[in-house]
Ligand SMILES: Cc1cc2nc3c(=O)[nH]c(=O)nc-3n(C[C@H](O)[C@H](O)[C@H](O)COP(=O)(O)OP(=O)(O)OC[C@H]3O[C@@H](n4cnc5c(N)ncnc54)[C@H](O)[C@@H]3O)c2cc1C
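Structure below.
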């Protein structure tokens with residue numbers, strides 16, 4: 134079985150040819166020294182770490198899983214060593230704030246590193262992913278004392294982070310949560326309650342585990358307005374940062390689950406655990422959203438990462454597996470000759486490369502939102518990121534799962550048995566559609582909040598950007614590509630107009646289809662940009678670049694037409710969806 138190869142050529146193409154990375158970085162304070170050459174050399178090293186250190190552990194770690202021994206999590210063999218090597222090599226601090234020991238490199242490098250980790254070892258990727266989300270929430274909302282005590286160790290990767298929201302009766306609806314926090318009389322609180330499904334809740338990597346826990350203060354109002362955020366460490370740090378007494382939090386059990394077996398998903402008991410308030414009382418959900426938005430993008434990238442490796446393995450298999458005559462009477466031929474096998478592989482490729490481009494574009498907007506000297510430009514970029522976040526989370530994980538299933542299908546029966554490892558990708562990819570807000574809830578966020586943000590200004594700006602790029606790319610990309618994408622854009626604009634004035638059941642019934650329609654248009658936009666950037670390269674084009682126009686045309690011919698059906702379902706009445714009584718469904 135072939136090993137994982139990080140898509141470095143594609144990254145170099147996106148940064149250097151499609152997104153004019155060097156000019157963009159030159160205009161952002163703090164990024165002036167970063168260019169494509171530096172980014173690619175950093176990512177080459179990241180790719181090596183992922184393929185040489187992590188990928189070999191993926192399968193054995195999945196087989197072994199995690200255990201709870203005397204109340205402590207024991208991770209699978211090799212994971213702790215790999216995590217320490219990862220932190221020592223500086224990967225946990227890549228995009229961290231230099232004020233707290235981070236390297237301050239742009240988010241786009243972080244996002245691509247994340248993709249490589251997710252391809253190589255999804256269970257592993259959650260540790261640094263959650264730690265970074267916790268760091269962002271602490272940076273944005275915690276007191277200077279908490280920042281000084283926790284951020285340097287977390288950014289250095291000595292301490293990890295966990296996100297503790299979910300309870301047995303409070304999943305999507307966090308307003309129902311019951312965990313309580315009472316003041317201890319000093320600056321701390323005692324947190325009491327049980328959380329379920331807490332990823333990276335504990336481990337045996339050494340150091341500390343920093344839980345960000347949602348809980349209610351005494352007399353807090355019901356619902357989300359009564360929720361506050363608390364930082365509860367596994368060990369209470371001494372003044373000098375050394376690990377002190379064990380805090381009153383413990384792992385009650387490990388969840389037994391379909392995939393990500395090497396990731397400890399914990400039932401956490403907080404039995405009067407000492408915690409400190411992060412942000413304002415009653416504003417916990419708003420503070421937690423800093424972490425949740427970071428995680429939503431990260432989870433989208435999980436879908437992309439698993440799709441990439443599953444597709445790589447399926448393509449390699451399809452080139453070697455001999456079955457069937459290929460229609461010329463001579464045989465057997467490699468199955469990659471069969472149009473239906475090509476359909477599966479190319480649908481995956483056409484999603485993966487457009488999704489990576491969209492993720493890079495979004496990460497560049499995030500950098501602009503964080504660093505641009507002009508406040509209006511920052512706000513505009515921030516609103517575009519907010520608009521795209523549910524699309525990336527849900528569409529990347531839906532298409533990512535579909536790609537993993539198609540890659541498994543390419544293996545026929547050999548994909549279903551464990552030996553080839555393809556069934557693990559299907560099991561692992563599945564969770565990304567569920568956690569961090571289910572994909573249905575992401576679609577509701579898009580249709581009920583994001584398309585109406587600022588009176589619809591961000592979505593209009595998005596449409597204008599796509600239209601302008603289609604116009605600019607037209608001569609290089611060709612009308613066979615740009616015209617169908619322009620028509621799909623018109624469908625999306627019309628569906629948006631319908632939903633912005635529709636009643637609640639219509640909006641709810643159409644949400645998931647609308648999100649997919651949105652994603653397909655965004656992918657089409659990216660394909661036009663990539664095809665236009667690759668067209669003039671001629672003999673200088675790399676192997677990756679030479680493939681772009683054909684992949685773009687495949688996407689437009691075979692995937693973009695789904696937008697017609699989606700436009701129809703978005704516009705259909707919700708009456709049939711709501712007609713049956715609950716007990717008749
Ligand atoms: C392996 C794993 C790891 C996890 N890691 C973490 C973690 O680290 N930290 C953490 O806090 N949580 C974590 N979770 C919890 C996860 O985020 C929740 O499971 C998820 O948000 C859904 O909540 P629920 O399971 O209670 O489903 P429910 O909220 O009961 O939803 C059930 C179904 O109803 C739909 N639904 C619910 N409300 C609405 C609505 N208003 N509109 C439309 N549809 C709706 C949902 O889309 C879903 O299909 C994890 C879960 C798993 C399985």
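Numbering (this note's numbering), first residue to last: 134 to 718.
Virtual Cβ for every residue (Gly too), placed ideally from N, Cα, C.
In three-state DSSP terms, what is residue 280?
helix
Selection from 464, 273, 448 that minimises the alpha carbon distance to residue 455
464
With DSSP collapsed to three states, give me the class of residue 404.
strand
Roughly how many whole angstroms lie between the Cα atoms of residue 213 and residue 338?
5 Å
Quick check on residue 540: does DSSP put it in helix, strand or coil?
helix
Please report the distance separating the alpha-carbon of residue 166 from that of residue 159.
7 Å
Runs of 3 residues minimum, wholly inside the region 202 to 254: which ones carry the beta strand (DSSP E) assignment?
205 to 207
Check whether the Cβ of residue 297 lies closer than 8 Å to any heavy atom of ligand 1, and answer yes or no.
yes
When the Cα of residue 593 is compared with those of 198, 521, 315, 536, which residue comes out closest?
521
Restricting to Cα atoms, I'd like to know which of 600, 267, 622, 255 is closest to residue 425.
267
Chain-order list of residues whose beta-carbon lies under 6 Å from that of residue 275 (same chain, five-residue window excluded)
411
Helix, strand or coil: which one does DSSP assign to residue 471?
coil
What are the boundary residues of the beta strand (DSSP E) that residue 343 is part of?
342 to 349
Using DSSP with H/G/I as helix, E/B as strand and the rest coil, what is residue 582?
coil
Assign residue 560 to one of three DSSP states: helix, strand, or coil.
helix
Nearest by alpha-carbon distance to residue 231: which of 650, 205, 289, 398 is it?
289
By Cβ distance, which residues of its chain are closer than 7 Å to residue 136, with the 5 residues on each side in sequence left out?
184, 188
Buried or exposed: residue 718, going by 16 or more other Cβ atoms within 10 Å of its Cβ?
exposed
Residue 457, DSSP secondary structure in three states
coil
Which whole runs of the alpha helix (DSSP H) in the region 594 to 680 are 4 residues long or more, in chain order?
612 to 633, 637 to 667
Span of the beta strand (DSSP E) holding residue 328?
322 to 332
Given a cut-off of 9 Å, decide if residue 362 and residue 345 are closer than it, judged by their beta-carbon atoms.
yes
Nearest-angstrom Cα separation, counted from residue 686 out to residue 479:
11 Å
With residue 558 and residue 576 assumed to form a contact (beta carbons below 8 Å), what rounded beta-carbon distance in angstroms separates them?
The pair is not a contact, with the Cβ atoms about 24 Å apart (cut-off 8 Å).
Would you call the CB atoms of residue 512 and residue 151 closer than 9 Å?
no
Give me the residue from 631, 603, 206, 357 with the minimum Cα distance to residue 335.
206
Near residue 211, what residues of its chain come up, given a Cβ to Cβ distance below 8 Å and the 5 sequence neighbours on each side ignored?
190, 193, 194
How many Å lie between residue 485 and residue 366 at the Cα?
38 Å
Could you tell me if residue 582 is buried or exposed, where buried requires 16 or more neighbouring beta carbons within 10 angstroms of its beta carbon?
exposed
Can you tell me the Cβ-Cβ gap for residue 645 and residue 584, rounded? I've got them flagged as a contact below 8 Å.
At roughly 14 Å, the Cβ-Cβ gap does not stay under 8 Å, so residue 645 and residue 584 are not in contact.
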